[in-house]
């Protein structure tokens, strides 16, 4: 089970105006893995994952009179992905891993009765430390 906190900002400037958007969201990422080609402390894996989360977008833009207008929209995030990786077990239940994956997400932003939808897809390369719960492998 994975979770992630996402925060990003975007700014756009035109000839006579400037907009700013900051997004905060929390996403829950359950996944399943299949390990293969295991040798001593090294194993390859394939992973499938889904994601669902919630966030808010804080958006500032100018009114016609030049004053700043602020809006807050709710965001529903969901998606899926797949990847392949390699894990090196430092100890029985701790692994150092790297993974390349393809992920797709769909973001629905709602304000009042208006809905905006945005899709994102990315190929990512990641590295991290994983903690494994369960029985010790028999050697």
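In my numbering, the protein residues as written are 27 to 165. All C-beta atoms in this analysis are idealised placements derived from N, C-alpha and C, irrespective of residue type, glycine included. Keep in mind the model is a prediction, meaning the values are calculated, not measured.
6 Å Cβ shell around residue i - same chain, five flanking residues per side excluded
| i | result |
| --- | --- |
| residue 32 | 51 |
| residue 168 | The structure shown has nothing for residue 168, since the chain only spans 27 to 165. |
Sub-8 Å separation of residue i and residue j beta-carbons
| i | j | result |
| --- | --- | --- |
| residue 111 | residue 71 | yes |
| residue 123 | residue 160 | no |
| residue 75 | residue 101 | no |
| residue 103 | residue 156 | no |
| residue 73 | residue 57 | yes |
Cβ distance (whole Å) where residue i is taken to contact residue j below 8 Å
| i | j | result |
| --- | --- | --- |
| residue 105 | residue 132 | 6 Å |
| residue 147 | residue 130 | 5 Å |
| residue 67 | residue 115 | 4 Å |
Other residues of its chain near residue i: CB distance less than 8 Å, five sequence neighbours each side excluded
| i | result |
| --- | --- |
| residue 98 | 82, 83, 84, 85 and 137 |
| residue 63 | 69 and 70 |
Identity of the residues DSSP links to residue i by a beta bridge
| i | result |
| --- | --- |
| residue 133 | 103 and 144 |
| residue 27 | Its beta-bridge partners do not exist; DSSP assigns none. |
Contact with chain D by residue i, beta-carbon distance below 8 Å
| i | result |
| --- | --- |
| residue 119 | Absent here is chain D; the protein component of the structure consists of one chain. |
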